[in-house]
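Notes to accompany the following structure.
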Amino acid sequence: MKNAKNSKKWVGVLSGKGGVGKTSLAASLASLANEDHSLNVAVLDCDVDAPNLAIIMPPRTENEVKTKEVFATMKAEFLEMKCTHCKQCIEAHFCEFNALTWNEEKEIPEIDYLACEGCSACKVLCPEHAFELHVVKSGEIISYISKAKGIPLVYGKTKLGSTTSGKLVSDLKNFVKEMESIKNCDLLLVDGPPGIGCPVIATVSGLDYVITITEPTPSGLHDLLRAIEVVQQFNIPFGIVINKHDIQSSFQQRFQDFIKETGHVVIGGIPFDLSVPEAMSFSIPVVDYAPNSPASRAIREIYTKLKVILWNSS
Ligand code: SF4
Ligand code: SF4
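With positions in the sequence shown counted from 1, the corresponding number in the working numbering is that position plus 132.
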């Protein structure tokens, strides 16, 4: 039986933008931690608008997949029986989000469900109280035991048109805190959403450590700076992983200068390696698909350094 390091850690894997290897790194680190007999590990995908950790770590069996619905989004409902067809809602432009249009035939307003932000303006402004606000389904929380060595995986999925991705991330994090399989884990690897918006802020809050993954390109550096800005707001220690660190580009020197000047911790670099997309196409973490590939060897070194950072152990 695996035994803990006494100190449980929630570690986020973040990037300023998508497509830089965040999910692939999270899956591989989870697999390596699972092989490590001193650790229990689980994974949490907080990229609720585009969760794809489940693609690399699908369920062991579909029968074990559990789904919980989350209701957190407000949407307007139109009550036709109360409407006096005065058209004020359109002419006075009640809706800043252009979710109200006029039905000429019926002489009533219609609500564009996807555009409605649930701001309540129509409810407050209509003289006949012909609008109500309701809480509707905003997404789902899905949990299962993955095929990847039986590692527990939990992720959130936003419903189309939901305006509350950040809230879903908070609900997701609260949900996993109550799960037996997560309560007892030593390491929870959190695959974060890209960007710097509400879902990222909800993800970063309360983490013990953050890995920011980037590429040595102009857009990579630009997005890395944004990700670091968010993490520093929370005073959370972080380290950088440079994906495709060996690509030849005129920007390499500038990127390396930035790292040297800022003194940020670099946990490691992953070389360009076709094993990574190949492994993804087979839905397997690259460290399991091609354990001796250059990328897998680099990720193993990153995992070893991460353990030293988290627990001062090797
Ligand atoms: S919904 Fe209200 S404001 Fe709009 S037409 Fe009907 S009564 Fe007038
Ligand atoms: S709740 Fe706000 S966003 Fe939705 S239809 Fe009414 S005014 Fe527009």
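We treat Cβ as the ideally placed atom computed from N, Cα and C, and that holds for glycine.
Note that this is a predicted model, so its numbers are computed, not measured.
- Taking all protein chains in view, the Cβ of I187 is surrounded by fewer than 16 other Cβ atoms within 10 Å, so the residue is classified as exposed.
- The residues K141, W142, V143, in chain order, have a CB closer than 7 angstroms to that of D340 in the same chain once the five nearest residues on each side in sequence are set aside.
- Counting only residues of its own chain and dropping the five nearest sequence neighbours on each side, V268 has a CB closer than 7 angstroms to the CB of F203, T205, K207.
- Note that the region 335–352 touches the region 363–381; at least 3 beta-carbon pairs, one per stretch, sit closer than 8 angstroms.
- Counting along the chain, the unbroken alpha helix (DSSP H) around K439 starts and ends at 426–443.
- Shown here for G298: same chain residues with a beta carbon closer than 6 angstroms to its own, the five before and five after excluded, namely C330, P331, A334 in chain order.
- Under the DSSP definition of a beta bridge, H266 partners with K207.
- At a threshold of 8 angstroms, A247 counts as near ligand 2, since its beta carbon sits closer than that to one of the ligand's heavy atoms.
- For the 9 angstroms CB-CB criterion, L257 and A231 do not form a contact.
- For K140, the three-state secondary structure derived from DSSP is coil.
- Per the coordinates, the alpha-carbon of L285 lies some 44 angstroms from the alpha-carbon of A262.
- Taking 9 angstroms as the cut-off, the beta carbon of V398 is found no closer than this to the beta carbon of A158.
- Closer than 8 angstroms to some heavy atom of ligand 2: that describes the Cβ of A253.
- Proximity of the region 402–410 to the region 424–436 meets the contact definition, three or more beta-carbon pairs being nearer than 8 angstroms.
- By the Cβ test, the region 279–294 is in contact with the region 175–185, since at least three Cβ pairs between them sit closer than 8 angstroms.
- With a cutoff of 8 angstroms, E228 counts as near ligand 2, since its C-beta is closer than that to a heavy atom of the ligand.
- Look at I243: its beta carbon is less than 8 angstroms from one of the heavy atoms in ligand 2.
- Contact between the region 310–319 and the region 165–179 is present, with at least three C-beta pairs closer than 8 angstroms.
- Counting only beta-carbon distances shorter than 6 angstroms to the non-hydrogen atoms of ligand 1, the qualifying residues in chain order are C215, T216, H217, C218, K219, Q220, C221, P241, C258, E260, A262.
- With a threshold of 16 other beta carbon atoms within 10 Å, I273 meets it and is buried.
- For A224, the distance from the CB to the nearest heavy atom of ligand 2 is not below 8 angstroms.
- For the pair M213 and G153, the Cα-to-Cα distance works out to about 53 angstroms.
- In the structure shown, L185 falls within a helical segment according to DSSP collapsed to helix, strand and coil.
- Annotated three-state conformation of Y341 is strand, per DSSP.
- Per DSSP, E228 lies in no alpha helix (DSSP H) and is assigned neither H nor E.
- With fewer than 16 neighbouring CB atoms inside 10 Å of its own CB, T199 falls in the exposed class.
- Under the DSSP assignment, D420 falls in the alpha helix (DSSP H) whose first and last residues are 418–421.
- Exposed is the label assigned to S351, since fewer than 16 other Cβ atoms lie within 10 Å of its Cβ.
- Within the model, the alpha-carbon separation for V175 versus A162 is close to 7 angstroms.
- Per DSSP, reduced to three states, the secondary structure at G153 is coil, with no helix or strand assignment.
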